[in-house]
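A short worksheet on the structure shown next.
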């Protein structure tokens, strides 16, 4: 009898196992088929590339508060309106409005070799110098710590020149950027504390070239605000070489100003979920850019990919269970006001936000996703997503623990799963925040693969939900 | 007693295991450290980028037999001579010498809209048309099969226009190329068999643009040789649209000729192995290019990376056990004579060739390696290499079964392990065999990462040998 029961139990167990495996294989086949369709559609009927052409060539760069930023809002809304979404709307946010004014000047004043005009850009948010500019001796440092060590005696009345390069041996260039960008962000206030009159910052790139890189400076309240200017890496090398031989003076002039804050908007469009309309998956990028170049990779690419995700879902006639929402955030570059407004909305709203994906690392060949969350379930969620890897690896995609994106970070306290698209990073800092971040630097297929990668992950998140 | 023996055996077994694990971990740490050094050195002191600048800008494109091909041989030899290698020499091979002569013409003759000059390039190896050119009606086909089906009735006296696009949905663009390139390689002979007077071939790219792509046509002996011309994809689309409305005539003229064969060379340099000097690991690319653009990605990149592998090994002061040999092959594009000469050398020589790595898929971010061999031990060898993956994955590198490279393929019969470097493929066919395959299209870091990837794999192959 015991034996019979055992055999029976074994039979039950193995047949359940069999059914469950078969079901799972069936689901997997269906998923593989769907993801193949998503890639096919994105690579043949994706719209991100022509949309990006309009955004970059007809509108151009679009710092928060600028007329072009409103053109970008209206353009994105109109594009979403063509897709037959369930709703498209604007979410208000108040943004700062900074203007660099006339071209900044940074000039080496040297009686031996004559004056040398350096290729420069005021850092975003920099204050103006007095009208007559500033002429002062330069002191070169490699770190914020070095300023602290040099102290008032060596810093007072000087222009501090931050010249620690991005580490070229980091394989991921974002790590190299992270290791150098404190000079740009905090250098001015640290130097001003000891009486510096302005700062020059080596551009954030591993290249040696003549292209200055802008990007934000963050003043704190403990020190006077002094002008902050990025110089090209070639000029940084030259200035450093001169300083090795004898004291060198530099003349700087910036004309920047803060204008009145402006009413601006995040642009939002969505496909309503059929089963769980109140559960939301967000995909987005930021619509503003710095005021140089065309903001093509940063972050026109991510925005146009995000609208294209909805486009591809509609084109495939796929009806999601959950609400898929594209959010184009305003003001990532100098305030994060759009991201914060959306974060508040998530915190106060009655919807459940499952996950948010941001594409803000350039429109290059995607290598996968990084995820983060403060939810207790995060480890489980990550494990669940990594079980999808056999479906994503044929497209070169991985899923790892890591960072996500600035605009979606204000959703962190609401325990939303935050995901960053991770493209190949080698070329990003050649053009980040420069005149050459233009449409021509974006490859159509690489851009479209980003759309397809995000759409695929959203398909899986939508279908299976999160543990 | 039995129990004591058991305990003793367990002890022996586990302590051996322990020692072996510890040894293995030690080795792994040493390897990880070495590979880190290789990447650091390549990204800070690699020379492939400035060398490529010279090759592309001072020498330019370099079809076999051309004066520039001899400049490239001499330049590479001189660069190798600066590295303190154990020997540098030239291996003779006789190469064909084809010249396109005057610019080819492909013009739509249309009384409705006026004549339209198409952007075109004679295919490499094409014969000339008669001096007065050829004017004929065009018949569009999508495949070689379609020509066979249309037969003499529909083909005779016509210009056959091969217009099957590369499939944009293939994630790996080399697969898309492989799926379309039969039209370029075999189209002329298949069409001529049925009386075609010339062929037009849609350029091998997924892009829609005005840039024609050259590449080789292979005539067989069963049909007359007729002129073969690539037209840009935009022109292919336009011609196809015209053909849909009414019969269309095209005028073509080519001025190509085959010159006398020339004595040429593979350029070879090596670091002699200390323990097994008679065991050789080859790394290489091909020094010739088509006669348009600068042959930067195809394959200046692979050649300069291959010399740089020896440079990095020397700079690290690493003494290999086995001989590491850089071979820059001549005549990959239209004859493979250099590869065949080296293949003969391997077959007849007294050295044992362990493995050969080729970089001929562009100087883009490397994703890993593909391997092949007809050796009985290949499965074991692949398994052995895949055990090294934990050392390579931090650099984004995989090791898979697959293809390798054209130049090293003549070593296949000698059972050499053949390995191809596999970079990201998205941009390669934007520029392959065109005027825009120039230095500017190569990113310094991406190129250097290729050097580092190959050096790392060679380090492991050298240290551990192959099963």
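Protein chains in written order, with the numbering used here: chain H, 1 to 467; chain Z, 1 to 467. Just so you know, even glycine gets a beta-carbon here, dropped at the ideal spot from N, CA and C.
Would residue i and residue j qualify as a contact pair, given that the criterion is a beta-carbon distance under 8 Å?
i              : j              : result
residue 371(Z) : residue 425(Z) : no
residue 296(Z) : residue 42(Z)  : no
residue 238(Z) : residue 281(Z) : no
residue 173(H) : residue 438(H) : no
residue 289(H) : residue 298(H) : yes
residue 106(H) : residue 231(H) : yes
residue 77(H)  : residue 90(H)  : yes
residue 331(Z) : residue 325(Z) : no
residue 346(Z) : residue 416(Z) : yes
residue 155(Z) : residue 138(Z) : no
residue 254(Z) : residue 129(Z) : yes
residue 149(H) : residue 195(H) : no
residue 399(Z) : residue 368(Z) : yes
residue 159(H) : residue 201(H) : no
residue 266(Z) : residue 341(Z) : yes
Within 10 angstroms of its Cβ, does residue i collect 16 or more other Cβ (buried), or is it exposed?
i              : result
residue 170(Z) : buried
residue 27(H)  : exposed
residue 410(H) : buried
residue 115(H) : exposed
residue 468(H) : Coverage of chain H is limited to positions 1 through 467, which leaves residue 468(H) absent and any answer about it impossible.
residue 334(Z) : buried
residue 18(H)  : A caution first: residue 18(H) carries a pLDDT of 49, below 50, which makes its placement in the model unreliable, though a value can still be read off. Residue 18(H) comes out exposed.
residue 31(Z)  : buried
residue 108(Z) : buried
residue 61(H)  : buried
residue 98(H)  : buried
residue 374(H) : exposed
residue 413(Z) : exposed
residue 1(H)   : At residue 1(H) the pLDDT is 45, less than 50, meaning the model places this residue with poor confidence; the figure from the coordinates comes in the next sentence. Looking at its Cβ environment, which holds fewer than 16 other Cβ atoms inside 10 Å, residue 1(H) is exposed.
Sort out for me which residues DSSP pairs residue i with in a bridge.
i              : result
residue 423(Z) : 366(Z)
residue 401(H) : 371(H)
residue 162(Z) : 141(Z) and 201(Z)
residue 252(Z) : 106(Z) and 134(Z)
residue 90(H)  : 267(H)
residue 44(H)  : None; residue 44(H) has no bridge partner.
residue 276(Z) : 322(Z)
For residue i and residue j, what's the separation of their Cα atoms in angstroms?
i              : j              : result
residue 33(Z)  : residue 88(Z)  : 30 Å
residue 204(H) : residue 458(Z) : 33 Å
residue 460(Z) : residue 421(Z) : 15 Å
residue 182(H) : residue 214(H) : 14 Å
residue 36(Z)  : residue 69(H)  : 44 Å
residue 378(H) : residue 387(H) : 14 Å
residue 142(H) : residue 264(H) : 39 Å
residue 474(Z) : residue 190(Z) : The shown model of chain Z, from 1 to 467, leaves out residue 474(Z), and the question about it has no answer.
residue 365(Z) : residue 245(H) : 39 Å
residue 397(Z) : residue 95(Z)  : 36 Å
residue 430(Z) : residue 206(Z) : 7 Å
residue 66(H)  : residue 329(H) : 15 Å
residue 208(H) : residue 163(H) : 13 Å
residue 285(Z) : residue 303(Z) : 5 Å
residue 344(Z) : residue 80(Z)  : 24 Å
residue 353(Z) : residue 122(Z) : 39 Å
residue 120(H) : residue 104(H) : 7 Å
residue 450(Z) : residue 419(Z) : 13 Å
residue 235(H) : residue 250(H) : 12 Å
residue 124(Z) : residue 216(Z) : 4 Å
residue 447(H) : residue 83(Z)  : 41 Å
residue 161(H) : residue 64(H)  : 29 Å
residue 359(H) : residue 466(H) : 21 Å
Given the structure, does residue i come close to the ligand MN, in the sense that its CB is under 7 Å from one of the ligand's heavy atoms?
i              : result
residue 189(H) : The ligand content of the structure shown is nil, which means the ligand MN is not present either.
Task: Three-pair Cβ contact test at 8 Å for the stretch 107-124 of chain Z versus the stretch 230-250 of chain Z - done: yes
Open item on the list: Three or more C-beta pairs under 8 Å: does that hold for the stretch 44-56 of chain H against the stretch 439-446 of chain H?
Closed with: yes
Open item on the list: Closer than 8 Å is the cut-off here; do at least three beta carbon pairs connect the stretch 309-325 of chain H with the stretch 269-276 of chain H?
Closed with: yes
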